[in-house]
Every structure is written in C-alpha cells, then in structure tokens.
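Q: Would you mind keeping the following structure in view while I ask a few things?
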Amino acid sequence: MSRTNLIALAAALSVTACMTAYSTAQAKPADLPKSLPAAYADPAEPALPQTDMIVTASDTAIVITDPQIDFLSPDGVTWAVVGESVTELGTVNNLEQLMKAAKANDMPLFISPHHYHPTDHGWKFEGPLEKLMHTIGMFDRKGPYTLEGFEGSGSDFMPQYKPYILDGKTVIASPHKVYGPQQNDLVLQLRKRGINKVILAGMSANLCTQAHLYELLEQGFEVAVVRDATAAAKLPEGDGYLAALVNFRYVANALWTTEETVSRIEKAS
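With our numbering applied, the sequence shown corresponds to residues 6 to 274, in that order.
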C-alpha cells in the first residue's frame, strides 16, 4: 500500500471527538494559549498536594519521545487524528525550543524513538493502537541496519530537529516498540550519565510519553512533564491529550509549560 493510501486510511479513521468540557467560565491558566479547550484548564482548587522538581545542571536531562514525522507533520500517517492537538498546543515549535535550550545550556538531551522493522509485523497479537499503527505503516523502516528509504519517511525525525538530534552529542536510545522504555536502553543511558531528574516531552501524550513517565518514576527518577510540548489523538474513544493531562497531574513531580521549562533550564546552567 502506498504512503498516500496509508495517509488516506488514517484520515478515514479520523472523527471529531466529543469532549465533555468544563464550564466556559472556568479560568484558564494565564501562561497557556486562551484558544485551548476549557477542559484543559487546571482545577481552580486542586485536592492533591502540589509538588515540584528543582532543575540542577549536574543531574537533569531532557527526554523526548517520538519526535518523528508520522506524529508531527501534515505528511505523517497520523496527522488526521493528532494534527488538531499538535497545532493548538504548538507542539512542534515547543519541542524545538526545548532542544534549543538544552544545547544552549549544555543540558543532556535524550531521544527515545519509535521504529518498526518488517519482523515486527509478525506479532501474533496486538492492542487496538498497535493494530492501527501496523495497519497504516506507522514508523516503518526497511530493517534495523539499513537506512534505505528512511530519509524523509514517517519514521525519520522532523527536519528542523535534526541539527539538535544529530549533532553527535544527543543520546539516541534504541527504539521502543510499544509505548514504554522497558525494552530499550534509555534508563541505562540515563543512569550511566548520572541523571536523576528528567524533563519529559514528546509524542504521544497518552501513549509513549505517559508510558515513559510511569516507567521512569518506577525506576526512581524525578520527572517533570512539559504540558505543551506533547499532544495526542482525538477520537470517539476520547481526547488522548486530556486523558494524559489528568494522569500527569496525578503522578508527575511537576507539570510545566515550555516557557517555564526553558526559564528553569537557563537559571540552572
């Protein structure tokens, strides 16, 4: 099946999600775009105790999940379902701002990519999202040791990110295959560099980003999530970003905007 047909298939699966919104009178955070759905606003009176994470130059790193074309570009096979979220949050630019801040302030940058090789299509069972990703050819590569057809494919990194990711200093972990980093070497790479605190961003909020959050917490890291440097699909099953946002509030050590994150990185350098 051609890539054009794959994109058309993804578009056919797209539907406008019906979200249960809070009252439009509910206040929105001053540092988030006012155009965002009211449902994304933080509660006026949170019940959970508020925690934070102190960014320190010696043991903090940025981890970005899946900064790839299939998630973040109109040419990607999932754009029909993630494009609205990516656009309204400003995810593409915000991720670049984080990478730029990392390089300007000598903060370690780690990438946890998502790739599928031909043998991965031989799996005997899949969850709903796995099945969809394999059906539309998401993140497909010709093989683990070839770059044939990789450049500019949906599995490739966004072009504007390559100067930061391919500078010879950024750590690109081995690919994860489902959602979390349990089967790649991200945790090993972080530990070997003395990293104890992670600033987490990337795609997709309720899938790989959230799964990385949970595993990193279980591994003993402090984790701050950058709330507008991620995004997710909107489907009849629900708004993935809203689902993730609720869980970020419940478990992340901190939840920041890109602007606040960059400021904290600069102050720590």
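Glycine included, each C-beta is placed from N, C-alpha and C at the ideal position.
Quick caveat: nothing in here was measured; it's all calculated off a predicted structure.
For VAL87, does the three-state DSSP call read helix, strand or coil?
A: helix
Q: Cβ of GLU227 within 8 Å of Cβ of MET112?
A: no
Q: Can you tell me whether MET24 is helix, strand or coil according to DSSP?
A: Residue confidence is low: MET24 scores 35 on pLDDT, short of 50, so the model does not pin down where it sits. Its coordinate-derived value is still stated next. Of the three classes helix, strand and coil, the one that applies to MET24 here is coil, per DSSP.
Q: Report the option in VAL60, ALA109, LEU134, TYR255 whose CA atom is closest to the CA atom of TYR169.
A: ALA109
Q: Helix, strand or coil, according to DSSP, for HIS120 in the structure here?
A: coil
Q: Under the three-state reduction of DSSP, which class applies to GLU50: helix, strand or coil?
A: coil
Q: Could you name the residues that DSSP lists as bridge partners for GLU227?
A: LYS202
Q: Any idea if TYR255 is buried or exposed, counting beta-carbon neighbours within 10 angstroms, 16 or more meaning buried?
A: TYR255 comes out exposed.
Q: Report all residues from its chain with a CB closer than 6 Å to the CB of ASP71; omit the five preceding and five following residues, and keep chain order.
A: Within the same chain, ASP71 has close Cβ partners HIS119, GLY207, MET208, CYS213.
Q: Can you give me the Cβ contacts of GLN194 inside the same chain, cut-off strictly under 7 Å, excluding the 5 residues immediately before and after it?
A: Exclusion of the five residues before and after GLN194 leaves PHE115, VAL176, ALA178 as the residues of its chain whose Cβ lies within less than 7 Å of its Cβ.
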